[in-house]
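Report on one structure; see the data block that follows.
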Amino acid sequence: MRLARGHVLIGINEEGLLAGARDVEDALRRALAENELAEEIEVIETGDLGETGRGVLLSVYPDGVLYAGVGVEDVAEIVAEHLLKGRPVERLRLPARPTTPTGLTGKQPRIVLENCGVIDPESLEEAVAVGAYEAMAQVVENGISPADLIEEIKRSGLRGRGGAGFPTGLKWSFTAPGEEKYVVCNADEGEPGTFKDRLILEGDPHRLIEGMMLAGYAVGASKGYVYIRGEYHLSIARMQKAIDAAREAGLLGRGVFGSDFVFDVEIKKGAGAYVCGEETSLIESIEGKRGYPRLKPPYPGAVGLWAKPTVVNNVETLANVPPIVRNGAAWFRGYGTETCPGTKVYTILGHIAHPGLIEVEMGTPLRTIIETCGGGVNDGKAFKGALIGGAAGAFVCADCLDRPMDFDGLQELSAVLGSGAILVLDEDASIVDMLDGILAFFQHESCGQCAPCRAGTRALKTMIGAIRAGRGRPGDLERLVEIASAMQAASLCPLGQSAIMPIRSALQHFRGEFESRISASVGIA
Amino acid sequence: MRSLLEKYPRSTEHLLDMLHDLQAAEPRNYLTRDALRAVADYLSLPLSSLVSTATFYSMYSLKPRGRHIIRICESPPCQIVGAESLIDLLQEHLGVGVDETTDDGAFTLETSSCLGVCGVAPAMMVDEELYGNLTPARVVDVIEDVRRQDAAG
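Chains B and P are the protein sequences, given in the same order. FYI, this note's numbering numbers position 154 of the first sequence as 1262, with every residue one higher than the one before it. FYI, this note's numbering numbers position 48 of the second sequence as 138, with every residue one higher than the one before it.
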């Protein structure tokens, strides 16, 4: 292995690519060669570097300097000044981002994202160097039984990170006995404002494969599917590369580490349907059908893919599994809250200074997330509220800033953690306009199978559209709630059931805005 | 068509992949009746069941589309930074409505749910390329760039 005195990490993800990361990388390699530095300084492609909306990012080690918005024309200066002479180029330097807060218990809480932006996600060797497949090896080596593995996950208190927060160990234990079973990783990330799973897929795909292997070992499945959104081209390519490398190394497709346990993973590419994020729709879609949700029960743990027992877990959930197995349940419980141990990965965006991906301990209040991690509201404006959990999530207002955020804390506020998207709104944001956008989304994404959702989403969109356009009438707000409540009671799946969430919360915190829109229109009439 | 299908075992598990491949092989970016018929034969399914599946997913089209597909995100994170006015601008610039194709067959304008690149909102995709931090000027530039590349062949 070649030793280098310095490393330049370049963030290659969807955003980096669209900002021209490949051109910058080529220019950098050329400039290093011209300056005879190619042997001394190594250029490494990595995943997300933790900042979004800032163009091409370079991270220079061992100095720990982060450059943002790098263009091809800047490369010569970085090489000449920084890499040759050791003087960082200050004009490109990103002010040291307020780093991930040390959290409530005073530990650095990077569990899920620990390797993202650190390793080359296309290299199995680098993943192994930072511990990939070690948990699986431990399980085999120490003869840990599937039942013991499930117990350990139960003890860790890990809860599903896809939105519902169901205890993962319990879900695994509910998998019915059978000869043939499946593990499905839900990477059909469609909740507006959410892209955490994409960055895990792009940044540390081997972590996910190992998480699926462990899930397969625990429940007795030998086949896993990752269902990835059709729009996520880079995620699909990186994941396929990781699967190929793991197969070649004998980690997939053969008795792993000399044991009898055989597991393999295949990618399934989605085709544009939000509802397929619902686990039974996703299963229907893998089977090659319309992604209509199934009636539950039976749950997938009993009757899942091809009517066999199936475990469906979210990307972030599975990414938590290997470190729990490696370090033990007690270690995991050292992070987060009593009922929601561990960390949560959030995407923070909207009117915020540093939009991006962050990982903080469960229970971290919204204020810390927005002010410490996100650098506060943009342009010095006041915080009005936030939409948490995407379209199927809920609005919160300034009163909620100091409440601990975890599955239970948010439930007390009639909100949900959901997918972990935090859309920050400044004082000028219009909640009426936003709710119109959200209900348009529901109407568009309703799959049409059950009548309450199909007709309900249309009625909701028509009403909010009229209110927004100044044609609202007294009683409209009550009717919105009435329709959405009926949908909550009668819809087949969480899509129709959750339209009430943004409506009720918007009215709870910002009712005045809706009323003044309506009274203005009534006044004109 | 047959050779595209024969890459896959005859199982409905690969149906979505087959539809993706056949659509990509068609210059006008849609599933022809022949393509659906070929998949139906290959998997021994009735044609109607193929139509049923294909019409469910927004990435498939049963009508000819443009050589390039514009998917502009209209979800809340893009909405709050001006996506709606960009959709209006695109309609005006291209002279088509949403889900319509320009007369020269170059572009189909579609709206999309969240593209997952909200850090650079507002965002759109043209075919497989992503474009973020869109402004009215940049939207027009992107379209005209694609036009120029087409003209250059």
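Don't be surprised by glycine CBs; every beta carbon is placed ideally from N, CA and C. Computed from a prediction, not measured in an experiment: that's the story for all the values here.
The beta carbon of Met1571/B sits closer than 7 Å to those of Asp1584, Arg1587, Leu1588, all from its chain and outside the five residues before and after it, given in chain order. With 16 or more neighbouring CB atoms inside 10 Å of its own CB, Thr1425/B falls in the buried class.
Separation of the CB atoms of Ile1149/B and Leu1140/B is rounded to 6 Å, and the pair is thereby assigned contact status at 8 Å. The straight-line gap separating the alpha-carbon atoms of Phe1491/B and Leu1474/B is approximately 12 Å.
8 Å or more divides the Cβ of Tyr1169/B from the Cβ of Leu1200/B.
When the alpha-carbon of Ser1554/B is set against those of Ser1538/B, Gly1580/B, Cys1505/B, Leu1600/B, the nearest one is in Leu1600/B. Taking one beta carbon from each stretch, the region 1428-1447 of chain B and the region 1495-1504 of chain B have fewer than 3 pairs nearer than 8 Å; the two do not touch.
When only Cα atoms are considered, Phe1303/B and Ala1379/B end up about 17 Å apart.
When the alpha-carbon of Arg155/P is set against those of Tyr221/P, Asp217/P, Ala242/P, the nearest one is in Asp217/P. What Ile1394/B touches in chain P, judged by beta-carbon distance under 7 Å, is Glu103, going in chain order. Every unbroken stretch of the beta strand (DSSP E) spanning 3 or more residues and falling wholly within the region 1236-1295 of chain B is given here in chain order: 1290-1295.
In the structure shown, the three-state DSSP call for Asn1421/B is strand. Ranked by how close their Cα comes to the Cα of Thr1472/B, the residues Pro1463/B, Leu1518/B, Glu1242/B, Gly1436/B have Leu1518/B in first place. Listed along chain P are Gly209, Val210, each with a C-beta nearer than 7 Å to that of Thr1160/B. At least one CB of chain P lies nearer than 8 Å to the CB of Met1542/B. Judged by DSSP in its simplified three-state form, Ala1345/B adopts helix. The DSSP-derived three-state label of His158/P is strand. Cβ contact annotation for Asn1486/B (same chain, cutoff 7 Å, sequence separation greater than five): His1459, Ile1460, Ala1461, Asp1534, in chain order. Glu1297, Gly1298, Glu1299, Pro1300, Gly1301, Thr1302, Phe1303, Arg1306: these are the residues of the region 1286-1310 of chain B whose beta carbon lies less than 8 Å from some beta carbon of chain P, given in chain order.
With a cutoff of 8 Å on beta-carbon distance, Thr143/P and Lys1397/B are scored as near each other. In chain B, no part has a C-beta under 8 Å from the C-beta of Glu96/P; the shortest such distance is about 17 Å. Closest in alpha carbon position to His1617/B, among Ser1629/B, Cys1508/B, Gly1319/B, Gly1604/B, is Cys1508/B. Taking a Cβ-Cβ cut-off of 8 Å, the neighbours of Thr1455/B in chain P comprise Cys208, Gly209, given in sequence order. About 4 Å separates the beta carbons of Ile1626/B and Gly1580/B, which is inside the 8 Å limit, making them a contact pair.
In the structure shown, Thr1455/B falls within a strand segment according to DSSP collapsed to helix, strand and coil. Around the Cβ of Asn1121/B, a 10 Å sphere holds 16 or more other Cβ atoms; the residue is buried. The alpha-carbon separation between Asp1352/B and Asp1544/B amounts to approximately 44 Å. Collapsing the DSSP output to three states places Arg92/P in a helix.
Scanning Glu1374/B, Thr1447/B, Leu1547/B, Leu1457/B for the CA closest to the CA of Gly209/P turns up Leu1457/B. When 7 Å is used as the limit between beta carbons, Asp107/P is near these residues of chain B: Lys1377, in chain order. Cβ-Cβ distances below 7 Å link Pro212/P to Cys163, Cys168, Val171, Gly172, Ala173, Leu176, Leu224 in the same chain, with the five nearest sequence neighbours on each side left out; the list follows chain order. A contact between stretches requires three or more CB pairs, one per stretch, nearer than 8 Å, and the region 101-114 of chain P meets this requirement with the region 1382-1401 of chain B.
The Cβ neighbour count for Asp1510/B, taken over all protein chains shown within 10 Å, is under 16; the residue is labelled exposed.
Check the Cα spacing between Gly1158/B and each of Arg1315/B, Arg1402/B, Pro1463/B, Ile1186/B: the tightest is with Pro1463/B.
Contact annotation for Tyr1175/B against chain P: no contact, minimum CB-CB distance about 17 Å [criterion: below 7 Å].
In summary, the residues of the region 1338-1357 of chain B whose CB is separated from some CB of chain P by less than 8 Å are Gly1338, Glu1339, Tyr1340, His1341, in the order they occur in the chain.
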